[in-house]
Amino acid sequence: MSKVIQWSDSLDIGIPEIDSQHQGLVDTINTLWEAIIHKADAGRVTQILDELQRYVVSHFTAEEALMRVQGYPRFEEHRAEHQVFRQRIQAARQCAESGDLPQLELLRYLTDWLVRHIQGGDRDYADYFESRRRPRSMVSRFVSALTGSRA
Numbered sequence: 391m392s393k394v395i396q397w398s399d400s401l402d403i404g405i406p407e408i409d410s411q412h413q414g415l416v417d418t419i420n421t422l423w424e425a426i427i428h429k430a431d432a433g434r435v436t437q438i439l440d441e442l443q444r445y446v447v448s449h450f451t452a453e454e455a456l457m458r459v460q461g462y463p464r465f466e467e468h469r470a471e472h473q474v475f476r477q478r479i480q481a482a483r484q485c486a487e488s489g490d491l492p493q494l495e496l497l498r499y500l501t502d503w504l505v506r507h508i509q510g511g512d513r514d515y516a517d518y519f520e521s522r523r524r525p526r527s528m529v530s531r532f533v534s535a536l537t538g539s540r541a
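Here the working numbering runs 390 ahead of the position in the sequence shown, where the first position is 1.
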């Protein structure tokens with residue numbers, strides 16, 4: 391499978407549960423890439439966008455709860471970035487449902503946004519938690535409890 395985005399250590403923020411979720415986002419974007427370059431039908435593309443949308447909602451909900459509990463000072467700014475991303479996915483999904491399939495421009499946006507967001511805002515909140523003496527392992531346990539998964 392070819393990839394539009396490759397997971398690397400530069401995307402790791404040091405919170406295992408969040409890093410795992412980020413890897414899931416990368417995998418889903420790569421699945422969308424494959425569908426688009428292989429000219430999958432609108433139903434398949436819509437299905438992948440639905441999956442991406444569900445994953446993003448779940449991940450952002452966990453991140454935002456974590457930031458709120460930890461008193462992250464840039465919470466509102468970070469949440470606004472999440473909202474823009476969610477809206478872009480929703481718009482692409484609506485277009486795909488009506489037969490107007492996403493193009494490479496959407497994938498460029500998704501990959502650029504995700505990399506910038508992880509390396510910028512997400513790394514910033516991870517560093518903030520660390521500076522507040524909240525070890526990343528403790529934060530990861532919190533996220534695991536919130537999402538019902540294991541770190």
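Note that beta-carbon positions come from the ideal geometry of N, C-alpha and C, so glycine has one too. None of these values were measured; they are calculated from a predicted model.
Pull up the CB-CB distance for residue 517 and residue 464, whole angstroms please, since I reckon it's below 8 Å. Against the sequence shown, residue 517 aligns to sequence position 127. Against the sequence shown, residue 464 aligns to sequence position 74. So it is not a contact: roughly 11 Å between Cβ atoms.
If you compare alpha carbons, which of 454, 501, 410 is closest to residue 473? Taking the sequence shown and counting its residues from 1, the one referred to as residue 473 is at position 83. Cα-wise, what sits closest to residue 473 is 454.
Assess, as a yes-or-no matter, whether the stretch 500–511 is touched by the stretch 410–422 under the definition of 3 or more beta carbon pairs within less than 8 Å. Between the stretch 410–422 and the stretch 500–511 there are three or more inter-stretch CB-CB distances shorter than 8 Å, so the stretches are counted as touching.
Would you decide whether residue 427 is buried or exposed? Buried here means 16 or more other CB atoms lie within 10 Å of its CB. Counting from one through the sequence shown, the residue named residue 427 turns up at place 37. It counts as exposed.
Check whether the stretch 391–410 and the stretch 431–440 are in contact - that is, three or more C-beta pairs closer than 8 Å. Short answer: they don't touch.
Alpha helix (DSSP H) runs wholly inside the stretch 427–474, at least 4 long, in chain order: 432–460
Please say whether residue 392 and residue 441 have beta carbons closer to each other than 8 Å? Walking along the sequence shown from the start, residue 441 turns up at place 51. Walking along the sequence shown from the start, residue 392 turns up at place 2. A distance of 8 Å or more separates the beta carbons of residue 441 and residue 392.
Could you check if residue 496 is buried or exposed, using at least 16 other CB atoms within 10 Å of its CB as the buried criterion? Within the sequence shown, numbered from 1, the residue matching residue 496 stands at position 106. Buried, by the Cβ-count rule.
Helix, strand or coil at residue 404 according to DSSP, with G and I counted as helix: Here residue 404 refers to the residue found at position 14 of the sequence shown. Correct three-state label for residue 404: coil.
Cβ of residue 486 within 8 Å of Cβ of residue 432? Working through the sequence shown from its first residue, we reach residue 486 at position 96. Working through the sequence shown from its first residue, we reach residue 432 at position 42. The answer is yes: Cβ separation under 8 Å.
Candidates 493, 462, 469, 500: which alpha carbon is nearest residue 478's? Position 88 of the sequence shown, counted from the first residue, corresponds to residue 478. With distances taken between Cα atoms, residue 478 lies closest to 500.
Is DSSP giving residue 395 helix, strand or coil here? Translated into positions along the sequence shown, residue 395 becomes position 5. If DSSP states are grouped into helix, strand and coil, residue 395 belongs with coil.
Over the uninterrupted alpha helix (DSSP H) stretch that includes residue 513, give me the two end residues. Taking the sequence shown and counting its residues from 1, the one referred to as residue 513 is at position 123. Note, residue 513: alpha helix (DSSP H), 513–521.
Let's test the definition: count the other Cβ atoms within 10 Å of the Cβ of residue 481 and tell me whether it reaches 16, buried, or not, exposed. Start at 1 with the first residue of the sequence shown, and residue 481 comes out as number 91. Counting Cβ neighbours within 10 Å, residue 481 comes out exposed, since fewer than 16 surround it.
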